[in-house]
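Novice: Sharing a structure, written as C-alpha cells. Questions coming.
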C-alpha cells in the first residue's frame with residue numbers, strides 16, 4: 020500500500036503519457052515512441068513545474084522501470100541467429116564501436132564537455148541508440164536531463180540516416196548485403212535501422228531480405244551493451260578509489276555493478292535455448308513489445324524531469340559530438356567493408 024501511495028500517481032501519469040506516444044511511434048517509426056514520449060514529458064513540464072505527489076513515481080519510472088525494460092530487451096536476442104552473421108559483421112561492429120568511443124572521448128577532452136553526456140552519446144551512437152543509453156545511464160549515474168540530451172542527439176541523426184542512407188547506398192553502388200551491413204552497423208537505433216532497410220527493400224524489390232539481415236546485424240551490436248556497461252562499472256569504481264572515496268566506504272563496485280545486465284543476458288540465453296528446443300520465436304514477442312513500451316514509459320518520466328529550455332541552451336556541443344560520431348561510424352563501416360572485400 021505504501022508503494023502505491025508514494026509511487027502510484029507518478030506511475031499512472033507516465034502510463035497515460037506513454038500510451039499515445041506508443042501509438043504515434045508505431046505510426047511514425049522513423050521518429051519512434053521514446054522520442055515522442057520525451058518531447059511530451061518536456062512540454063508538460065514547461066507548464067507544470069511542481070509535480071508534488073507525482074514526483075516519486077516519475078523518478079521510479081525513469082530509474083527502475085528503465086532497467087526492467089532493458090532486462091526484457093534480452094528476450095529479443097536469439098544468440099544462435101546472431102552467431103550466423105557474427106563472423107562477418109563482428110569486425111565491422113567492433114571497429115565502429117571503438118571509433119565512436121574514441122571520438123567521444125577526444126571531443127570530451129577538447130570541448131570540455133560533461134563526462135556523462137559524452138559517454139551516453141558515444142555509447143548510444145555506437146551500440147543501439149536509446150537502449151544503450153538506457154543500460155548505461157544507471158551505471159554512470161547520469162541524471163534525467165543528461166539522458167534526455169543524449170536521446171535527443173541520437174534521435175536527430177537517426178532521422179537523417181533513415182532518410183539519406185538508402186539513397187547514399189545506391190549512389191555508391193552497395194549490394195543488398197552491403198547495405199544490410201551498412202545500415203546494421205552505422206545507424207544508431209533499431210527503429211531507424213528498420214526504416215532505412217525497409218526503404219532499401221522497397222526501392223530494390225528484395226522482398227524484405229535486407230531488413231532481416233540488417234536487423235540481425237543490429238541485434239549483434241546490441242550485445243555490446245554487456246561488455247560496455249561492465250567496463251564502465253569497473254572504470255567508475257577505479258576512478259572513485261583513485262579519488263579516495265572507496266576507502267571511506269561510500270563507494271564500491273557493488274553499488275554500480277549493473278545487476279540488471281545479468282538478467283538481460285539470462286533472458287537472451289532463455290530465448291536461445293527455447294528456440295533451439297523447437298519453441299516458436301513468437302512466444303517471446305509479447306515480452307519484446309512490453310520492453311519497448313516500458314522504455315517509452317521511462318522516456319516519458321525522463322521528459323517530465325527535464326527542463327527543455329536548459330536542454331536547448333546547452334545543446335550545441337552534444338549535437339556536434341553526435342555528428343562527429345555519426346560521420347565517423349558511417350565512414351569506418353564503409354571502409355571496413357572495402358578492406359574486407361565486401362564492397
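In this note's numbering, the protein residues as written are 20 to 362. Quick reminder that beta carbons are idealized off the backbone N, C-alpha and C, glycines included.
Throw me the rounded Cβ distance for the residue 181 and residue 205 pair, which I believe falls under 8 Å.
Specialist: Your pair residue 181 and residue 205 does not check out as a contact, with CB atoms roughly 11 Å apart and the cut at 8 Å.
Novice: Are the segment 298-312 and the segment 84-102 touching, with three or more C-beta to C-beta distances below 8 Å?
Specialist: yes
Novice: Can you give me the C-alpha to C-alpha distance between residue 140 and residue 173, rounded to a whole angstrom?
Specialist: 7 Å
Novice: Using only the alpha-carbon positions, how far apart do residue 202 and residue 85 sit?
Specialist: 26 Å
Novice: What did DSSP end up calling residue 214 once you bin it into helix, strand or coil?
Specialist: helix
Novice: Does DSSP put residue 305 in a helix, in a strand, or in coil?
Specialist: helix
Novice: Measure the alpha-carbon distance for residue 287 versus residue 242 and round it to whole angstroms.
Specialist: 10 Å
Novice: How about residue 96 and residue 290: do their beta carbons lie closer than 8 Å?
Specialist: In this structure, residue 96 lies near residue 290, with their beta-carbon atoms less than 8 Å apart.
Novice: What's the gap between the Cα of residue 76 and the Cα of residue 322?
Specialist: 13 Å
Novice: Note the first and the last residue of the continuous alpha helix (DSSP H) segment covering residue 189.
Specialist: That run of the alpha helix (DSSP H) goes 163-190.
Novice: So residue 237 and residue 278 are supposed to be a Cβ contact under 8 Å. How far apart are they, rounded?
Specialist: That belief does not hold up - the Cβ atoms of residue 237 and residue 278 are roughly 25 Å apart, past 8 Å.
Novice: Can you give me the C-alpha to C-alpha distance between residue 22 and residue 63, rounded to a whole angstrom?
Specialist: 25 Å
Novice: Confirm, please, whether the CB-CB distance from residue 158 to residue 255 is below 8 Å.
Specialist: In contact: residue 255 and residue 158 (Cβ atoms closer than 8 Å).
Novice: Using alpha carbons as the reference points, say which of 357, 147 and 68 lies closest to residue 235.
Specialist: 147
Novice: Are residue 195 and residue 156 close, meaning C-beta to C-beta below 8 Å?
Specialist: no
Novice: With residue 39 as the anchor, note down where its alpha helix (DSSP H) starts and where it stops.
Specialist: 21-46
Novice: Go to residue 72, then tell me how far its alpha helix (DSSP H) extends in each direction, as first and last residue.
Specialist: That residue, residue 72, is in no alpha helix (DSSP H); it is neither H nor E in DSSP.
Novice: Could you work out which residue in 50, 117, 47 and 25 is closest to residue 73 when comparing CA atoms only?
Specialist: 25
Novice: Within 10 angstroms of its Cβ, does residue 144 collect 16 or more other Cβ (buried), or is it exposed?
Specialist: buried
Novice: Need the endpoints of the alpha helix (DSSP H) that residue 144 sits in, please.
Specialist: Segment 134-145, the alpha helix (DSSP H) holding residue 144.
Novice: Do residue 99 and residue 163 have their CB atoms nearer than 8 Å?
Specialist: no
Novice: Helix or strand or just coil, what does DSSP make of residue 266?
Specialist: Residue confidence for residue 266 is low, a pLDDT of 44 falling below 50, so the modelled location carries little weight; the figure read from the coordinates is stated next. In the displayed model, residue 266 falls within a helix according to three-state DSSP.
Novice: Go ahead and label residue 185 buried or exposed: buried means 16 or more other beta carbons lie within 10 angstroms of its beta carbon, across all protein chains shown.
Specialist: buried
Novice: Measuring straight from C-alpha to C-alpha, what distance separates residue 165 and residue 211?
Specialist: 22 Å
Novice: Return the chain-ordered ranges of every alpha helix (DSSP H) run that is complete within the segment 275-357 and spans a minimum of 4 residues.
Specialist: 278-295, 304-323 and 327-332
Novice: In terms of alpha-carbon separation, which member of 112, 113, 109 and 142 lies closest to residue 123?
Specialist: 142
Novice: Looking at chain D, is there any beta carbon in it that lies within less than 8 Å of the beta carbon of residue 67?
Specialist: Given the protein chain composition of this structure (a single chain), no chain D is represented.
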